[in-house]
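Engineer: Just passing along the structure, written as structure tokens.
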Amino acid sequence: TWSWSHQREAAALRESLHRHRYLNSFPHENSTAFYGVNQFSYLFPEEFKALYLGSKYAWAPRYPAEGQRPIPNVS
Amino acid sequence: LPLRFDWRDKHVVNPVRNQEMCGGCWAFSVVSAIESARAIQGKSLDYLSVQQVIDCSFNNSGCLGGSPLCALRWLNETQLKLVADSQYPFKAVNGQCRHFPQSQAGVSVKDFSAYNFRGQEDEMARALLSFGPLVVIVDAMSWQDYLGGIIQHHCSSGEANHAVLITGFDRTGNTPYWMVRNSWGSSWGVEGYAHVKMGGNVCGIADSVAAVFV
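Encoded structure:
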């Protein structure tokens, strides 16, 4: 009796659980990132990207720019 | 460089905000950098209006996305005064740009710098110490599932899609990391922050780095 949107959220959550297993499966040291259920787990990645990842890349020149000195040490 | 530094310890960084279902990370990162730059000068640490930037920065697309560098260029060129958040509160949707009289109190941007620090993250740390929190653009696709720890894998450089603010770094452990303030609320990640490995341009964190002067 679930609505279409609930079914979609459940499917997204199932996909998230698979993804978490993959992301956590890499044998890294203790300090490495860990992944799991959070407030975004009910979203498909493409929905998450469309809603929350709203920045575009902007080119910036290499540091230091020509004729510029590096930032000095600060106390 | 010190082993650990965080502008939060100087009380010049506001608590983490929540962009809700609005793709306005670019505006949140820029406004947060301005708030901190002002507080570093000894002024009060106030919330400034993100909604004003979302509504008025005509070269961006508000909640549909934008570029922090475009927003900084616009703020610098127009010398627009950012008003307090309480005067122009966040609505999480695009709205009509509201104009304020010149006499209105607000904060304008004096200048900004933007550089690619790839391969020079020590210099980037020096910039953080010298100028204040840094606006950066990262690939945050895998951040959807992030709970904590130091992000070292599962993201790429050259695929930037999310603007955030670096407030500090920690080099005391085996894996040095940047402290990255996000705008997805304080329940996400490490009290609203992500930890991203320093060195190696993880998630493209050093590709487009901006400092703000007020």
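Going line by line, the protein sequences match chains A and B. According to this note's numbering, the first sequence holds residues 12 to 86 in order. According to this note's numbering, the second sequence holds residues 23 to 236 in order. Using N, Cα and C, we set each Cβ at its ideal position, and we do this for glycine too.
Assuming isoleucine 227/B and valine 218/B are in contact, meaning their beta carbons sit under 8 Å apart, how far apart are those beta carbons, in whole angstroms?
Structural biologist: Indeed they touch by this definition, with Cβ atoms about 6 Å apart.
Engineer: Compare the C-beta of methionine 220/B against all C-beta atoms of chain A and say whether one is closer than 7 Å.
Structural biologist: Judged by the 7 Å Cβ criterion, methionine 220/B is not in contact with chain A.
Engineer: Could you work out which residues of chain B lie near arginine 19/A, taking near to mean beta carbons separated by less than 8 Å?
Structural biologist: Result: empty, since nearest Cβ-Cβ is about 16 Å, beyond 8 Å.
Engineer: What does the alpha-carbon distance come out to for the pair isoleucine 172/B and glycine 222/B?
Structural biologist: Looking at the two C-alpha atoms, the distance is approximately 13 Å.
Engineer: Kindly list, in the order they appear in chain B, the residues whose Cβ is closer than 9 Å to that of serine 14/A.
Structural biologist: By Cβ distance, chain B contributes nothing, its closest Cβ being about 19 Å from serine 14/A, past 9 Å.
Engineer: Considering only their Cβ atoms, is the gap separating cysteine 85/B from asparagine 116/B smaller than 7 Å?
Structural biologist: Contact: yes.
Engineer: Looking at leucine 156/B: is its Cβ nearer than 7 Å to the Cβ of leucine 104/B?
Structural biologist: No, the pair does not count as a contact, with Cβ atoms beyond the cut-off.
Engineer: Assign tyrosine 33/A to one of two classes, buried (16 or more other C-beta atoms within 10 Å of its C-beta) or exposed (fewer than that).
Structural biologist: So tyrosine 33/A counts as exposed.
Engineer: Take proline 123/B as the anchor and find which of Leu102/B, Phe139/B and Val131/B has the nearest alpha-carbon.
Structural biologist: Taking only the C-alpha atoms, the option nearest proline 123/B is Leu102/B.
Engineer: So what's serine 208/B in DSSP terms, helix, strand or just coil?
Structural biologist: It is coil, neither helix nor strand.
Engineer: Please report the distance separating the alpha-carbon of serine 164/B from that of cysteine 177/B.
Structural biologist: Taking the straight line from one Cα to the other gives about 6 Å.
Engineer: Would the beta-carbon of tryptophan 200/B be found less than 6 Å away from any heavy atom of the ligand ATP?
Structural biologist: This structure simply doesn't include the ligand ATP, nor any ligand for that matter.
Engineer: Could you tell me which residues DSSP puts in a beta bridge with glutamate 219/B?
Structural biologist: In the sequence as presented, glutamate is not what sits at residue 219/B; that position holds lysine. BP columns for lysine 219/B point to Tyr199/B.
Engineer: Please report the distance separating the alpha-carbon of serine 27/A from that of phenylalanine 112/B.
Structural biologist: Taking the straight line joining both Cα atoms gives about 30 Å.
Engineer: What does a CB cutoff of less than 8 Å around threonine 194/B pick up in its chain, not counting 5 residues either side in sequence?
Structural biologist: Correct list, in chain order: Leu25 and Arg26.
Engineer: Using only the alpha-carbon positions, how far apart do serine 230/B and glutamine 126/B sit?
Structural biologist: Between serine 230/B and glutamine 126/B, the C-alpha separation is close to 33 Å.
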